[in-house]
Amino acid sequence: MVQHCDLLIVGAGPAGAMTALQAAKARPDLGIVLTDALPMPRHKPCGEFLSPDGLRILAQVGLEERVMASGAHPLNGLSLVGARGEMSSDYHPMLGHVPHRPYGIGVRRETFDRVLQDAAARVADLRRGTRIVALERQSDGWFATLREDTGERQVHARLLIGADGRQSLVRRRTGLDLPAGRQRFALVCRATGIPHGTHGEMHLGPLGQVGVAPLGGGEVNLNLLLSEPGRRLLQQRSPGVLMRAALRGTPSLRPRTAHARLGEMLSTGSLPQKSRSVIDNGLALVGDAAGFCDPFTGEGMCFALQGAEALGTTIAELPRGGVWEKAHLQSYADAYRSRFSGKRRLGEGLQVLLQRKALADRLIGLVGSHRGLSRYLVAMTGDYL
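Be aware that the sequence shown starts at 86, since it is given in the working numbering, and climbs by one per residue.
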């Protein structure tokens with residue numbers, strides 16, 4: 086028997102779960118199927134940081150307090166530390182823009198995903214442990230074959246939404262994939278025994294950029310985006326040895342991490358991904374599936390929520406009958422371009438700059454000496470400017 090629905094959302098991470106929540110809030114008449122390949126949320130490579138604007142979007146669907154109660158740790162600002170100085174600021178109002186909260190949060194990814202998925206399960210048919218094995222475009226939508234532990238099932242959807250991450254199967258199967266950029270690698274772990282303050286931190290070192298996001302309970306997230314020398318060393322050293330070498334080799338972290346206890350080490354190839362478009366007839370891409378770049382200040386989770394918010398606004402305006410064509414989804418593509426294209430160019434430019442470490446160190450010191458400029462840049466990374 087074929088299950089018919091209005092929205093089939095592939096991927097129940099932050100982008101997919103929030104899309105389900107936003108769509109159900111705007112259009113309770115729609116039938117939603119939400120799938121995820123994992124049987125349950127788990128720890129995965131992630132900076133585990135959510136900026137202030139992400140909290141605004143959680144509040145829209147009534148989840149801000151629930152996420153905070155799950156153990157999220159408030160972070161009042163951002164610090165960027167180089168060899169010649171530091172750029173640091175709390176989240177302050179800037180140019181008339183006031184953050185929803187004067188803080189972001191450090192939050193364990195599996196906890197965050199579980200809160201969003203549990204909420205989405207109340208408004209959608211959430212099917213965990215489910216993989217897409219076939220997709221077929223039809224005149225009135227999409228026909229998908231799903232594989233579960235109990236066997237295969239067929240679903241027909243008026244709108245297919247790919248929220249299945251950087252390596253999106255939906256993006257690849259529907260012809261929207263573009264060649265990836267230059268591959269980088271990231272190492273991620275949680276650690277204890279590292280003193281920390283009230284900011285998210287990014288430190289520039291000889292082996293790459295080390296992010297520090299306090300998670301509460303004495304635990305921090307360490308995220309090492311390897312430079313080219315570090316990438317070559319990954320072929321010769323284990324991820325744990327390389328992470329410790331990066332901590333020892335980064336002057337601003339060396340004394341604080343001497344007694345650090347590192348947890349499970351996760352590694353991932355960090356490929357800048359692009360899509361030909363984020364929409365097509367009966368099709369939309371959201372989150373990393375729509376295009377991934379290395380968010381230097383850990384904005385990936387907020388990008389996912391912001392994309393879901395924009396897509397939810399478009400879903401609210403879809404006609405109640407008929408076929409949903411590309412033109413019906415154009416407002417989402419426009420909003421996506423307006424919201425993210427500048428940030429992506431900025432992120433790509435920053436990554437080029439950071440490969441020139443001496444220049445990057447000088448610029449960090451220069452920006453850090455101007456309080457107004459520091460506040461401006463931190464407001465931008467807080468996603469409320």
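All C-beta atoms in this analysis are idealised placements derived from N, C-alpha and C, irrespective of residue type, glycine included. Since we're looking at a predicted model, the values are computed, not measured.
- With contacts defined by Cβ atoms closer than 9 Å, L289 and L165 form a contacting pair.
- By alpha-carbon distance to E349, the top candidate from V326, L439 and P336 is V326.
- The three-state secondary structure of G139, taken from DSSP, is helix.
- When DSSP states are grouped into helix, strand and coil, L180 belongs to the coil group.
- According to the DSSP assignment, E286 belongs to no alpha helix (DSSP H) but to the beta strand (DSSP E) extending over H284 to G290.
- Take V218, set aside five residues on each side of it, and the residues of its chain with a beta-carbon closer than 8 Å to its own are T230, L231, R232 and E237, in chain order.
- Runs of the alpha helix (DSSP H) lying entirely within the region 293 to 357, each at least 4 residues long, are 313 to 318 and 324 to 334 in chain order.
- In this structure the region 246 to 258 does not lie against the region 152 to 160, because fewer than three pairs of beta carbons, one per stretch, are closer than 8 Å.
- In this structure, the straight-line span from the alpha carbon of D234 to that of D91 is close to 24 Å.
- When rounded, the separation of the alpha-carbon atoms in I400 and L451 is 45 Å.
- With 16 or more other CB atoms across the displayed protein chains lying within 10 angstroms of its CB, L211 is buried.
- As DSSP reads the structure, A276 sits in a beta bridge with V305 and L347.
- Scanning its chain for C-beta atoms nearer than 8 Å, with the 5 sequence neighbours on each side dropped, one finds around R405 the residues D114, in chain order.
- Within the same chain, A276, G278, I279 and L332 come within 7 Å of A345 by CB-CB distance, once the 5 residues on both sides are set aside.
- Secondary structure of K411 (DSSP, three-state): helix.
- Fewer than three beta-carbon pairs drawn from the region 123 to 137 and the region 101 to 110 are found closer than 8 Å, and the two stretches are therefore not classed as touching.
- Pairing G191 with D225, the inter-Cα distance amounts to about 42 Å.
- Rounded to whole angstroms, the gap between the alpha carbons of L470 and L307 is 27 Å.
- Rounded to whole angstroms, I246 and G392 show a C-alpha spacing of 12 Å.
- Two segments are said to touch when three or more pairs of C-beta atoms, one from each, lie closer than 8 Å; by this definition the region 311 to 331 does not touch the region 165 to 179.
- One alpha carbon belongs to L163, the other to E384, and they sit about 12 Å apart.
- Looking at the DSSP output, S360 shares a beta bridge with D262.
- Residue environment: D373 is assigned as buried (16 or more neighbouring CB atoms within 10 Å of its CB, all protein chains considered).
- At a Cβ-Cβ threshold of 9 Å, G334 and L292 count as neighbours.
- Per DSSP, T235 lies in no beta strand (DSSP E) segment and is marked neither H nor E.
- Taking a C-beta distance under 9 Å as the contact criterion, A209 and W227 do not qualify as a contact pair.
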